[in-house]
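Here the structure comes first, spelled out in structure tokens, and everything after it is commentary.
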Amino acid sequence: MSSINATSLIASVVLISLSALFSGLTLGLMGLDQVGLRIVIESGERPEASASDARYARRIQPFRKRGNLLLCTLLFGNVAVNCLLSIIMADMTSGFAGFLISTLSIVIFGEIIPQSVCSRHPLAIGSACIPLVYLFVILTFLASYPVSLILDQLLGEEIGTIYSRNQLKGMLEMYAKMQDTDFQQEDTNIMAGALDFGKKTVGTCMTKIEEVFMLHMDDNLNFETIMKVFQAGHSRVPVFEVDPHGIKKVVALLFVKELILVDPEDALPVRMLCHHWFGRDIPIVFNDCKTSEVMKVFKSGRSHMALVQASRSEFVEGRESDRMGRRLCVLMTETLTTRLLAS
1 MSSINATSLI
11 ASVVLISLSA
21 LFSGLTLGLM
31 GLDQVGLRIV
41 IESGERPEAS
51 ASDARYARRI
61 QPFRKRGNLL
71 LCTLLFGNVA
81 VNCLLSIIMA
91 DMTSGFAGFL
101 ISTLSIVIFG
111 EIIPQSVCSR
121 HPLAIGSACI
131 PLVYLFVILT
141 FLASYPVSLI
151 LDQLLGEEIG
161 TIYSRNQLKG
171 MLEMYAKMQD
181 TDFQQEDTNI
191 MAGALDFGKK
201 TVGTCMTKIE
211 EVFMLHMDDN
221 LNFETIMKVF
231 QAGHSRVPVF
241 EVDPHGIKKV
251 VALLFVKELI
261 LVDPEDALPV
271 RMLCHHWFGR
281 DIPIVFNDCK
291 TSEVMKVFKS
301 GRSHMALVQA
311 SRSEFVEGRE
321 SDRMGRRLCV
331 LMTETLTTRL
341 LAS
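If you read the sequence shown in full-length UniProt numbering, its first letter stands for residue 1, the second for the next number, and so on.
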């Protein structure tokens, strides 16, 4: 009688251990989606990242690709072990005491403890248990594989967790407030600004033409004019002329550094520099263009300043008087960079 109880006790301990393993792996492995594993693998290739986590993720990824098969394997194993454990404990005890011991053993040692441990170290524990998972897949294959195929057909391919722009911004804000991360508020502002940058239009960050320092085509580059240019503190100065309707129209761009070659005593007209020497054309964009599109133009090196005119719809409807439309504002690389950094 004592030998039977000893055998049953050993079997119960083994079954509780298996129940804990199945329960912990179900939470640990199924909590790692494919997107999260790819992030860990790719970030592990960087010098400052954890190489061990990347190695664990590579071992887990092949199993996680067949998520429904893995889920069915672990659940079939867990249910089978718990049922067998209940039968054995029923033979060892009887009545309410048997029910209570069986329930507490399964809940505490087979569910709560393993799930709390595996939820904190899913990569390390999941990677270490891969050989056992292979064995469980083979043992339960006849039951788990058909069910997993049905789930694949009904539910489709598992995509993983994909975050929207607003969700990513929320995560950044949350990380910045946490004590155990190296995120600073300035880092969060920069990344949040980059996330919003592609949605912004030129109209949200342009400078009104009335607020822009400019030179007239007929201005003379004497001491007074050059001093005004230097005091303005800009590296580029738009040059304008007035059309018959009295509207200022920017026609060229003058680089301040090129004025070093100009003798103030000569009082050369700006028109001469623009037409014969240094004048440059300025790209023209619509005020409803995306800031990311304009940034590509600036990055190409063609220019670091653009003229902004009315939206495409207004231009098509004939609200603008001339072929290029009325220049409303000026947009500079520095303004876009400030928007990008959200500072």
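Virtual Cβ for every residue (Gly too), placed ideally from N, Cα, C. Here the structure is a predicted model, which means the values were calculated and not measured.
Limits of the unbroken alpha helix (DSSP H) element including Met171: Looking at the DSSP string, the run of the alpha helix (DSSP H) that includes Met171 is 165-177.
Start-to-end residues for the beta strand (DSSP E) that takes in Gln184: Premise fails: Gln184 is in no beta strand (DSSP E) and is neither H nor E.
Residue from Ala310, Val250, Met272, Pro264 with nearest C-alpha to Leu285: A small correction: the amino acid at residue 285 is Val; Leu does not occupy that position in the sequence shown. Cα-wise, what sits closest to Val285 is Ala310.
In DSSP terms, what Met92 is bridged to: DSSP links Met92 through a beta bridge to no other residue.
Whole-number beta carbon distance between Cys289 and Phe201, since they are thought to touch under 8 Å: Reading off the sequence, residue 201 comes out as Thr, not Phe. Between Thr201 and Cys289, the beta carbon gap of about 6 Å places them in contact (Cβ cut-off 8 Å).
Test item: CB-CB of Gly198 and Gln115 under 8 Å: Against a cut-off of 8 Å, the Cβ pair of Gln115 and Gly198 comes out as no contact.
Nearest candidate by alpha-carbon position, reference Asn5, set Gly246, Leu32, Asp91, Leu15: Of Gly246, Leu32, Asp91, Leu15, the residue nearest in Cα terms is Asp91.
Inter-residue spacing [alpha-carbon to alpha-carbon] between Met295 and Lys208: Inter-residue distance for Met295 and Lys208 is about 19 Å (C-alpha atoms, whole angstroms).
Member of Ser86, Val212, Asp53, His304 whose CA lies at the smallest distance from the CA of Ala124: The shortest C-alpha to C-alpha distance from Ala124 to any of Ser86, Val212, Asp53, His304 is the one to Asp53.
For Leu71, the nearest candidate out of Ser102, Leu151, Leu273 (CA to CA): Per the C-alpha coordinates, the member of Ser102, Leu151, Leu273 positioned closest to Leu71 is Leu151.
Residues that Arg236 bridges to, as DSSP identifies them: Partner(s): Phe255.
Reference Phe76, options Ala128, Ser148, Ser119, closest by Cα: If we check each option's Cα against that of Phe76, Ser148 comes out closest.
Residue from Glu258, Met30, Ala176, Ser86 whose Cα sits closest to the Cα of Val13: In this structure, Ser86 is the residue among Glu258, Met30, Ala176, Ser86 with its C-alpha nearest to the C-alpha of Val13.
Segment contact, 8 Å Cβ cut-off, at least three pairs: the stretch 173-184 with the stretch 103-121: In short, these stretches do not touch, since the Cβ pair count stays below three.
C-alpha distance - Tyr134 paired with Phe63, whole-angstrom precision: When rounded, the distance between both Cα atoms is 9 Å.
C-beta atoms of Glu173 and Thr161 nearer than 8 Å: Result no, Cβ atoms of Glu173 and Thr161 do not sit closer than 8 Å.
Contained beta strand (DSSP E) runs [length at least 3] in the stretch 185-236, N- to C-terminal order: Runs of beta strand (DSSP E) with 3 or more residues, each lying fully within the stretch 185-236, are absent.
DSSP three-state assignment for Leu29, whether helix, strand or coil: Helix, per DSSP.
Cβ neighbours of Gly67 in the same chain (closer than 6 Å, five flanking residues each side left out): Contacts found: Glu158.
Leu268 beta carbon less than 8 Å from that of Leu221: Contact: yes.
C-alpha gap between Val251 and Glu241, whole angstroms: Cα-Cα distance, rounded: 7 Å.
Outcome for Glu210 when other beta-carbon atoms lying within 10 angstroms are tallied against a minimum of 16: Counting every other CB atom within 10 Å of its CB across the protein chains shown gives Glu210 a total below 16, marking it as exposed.
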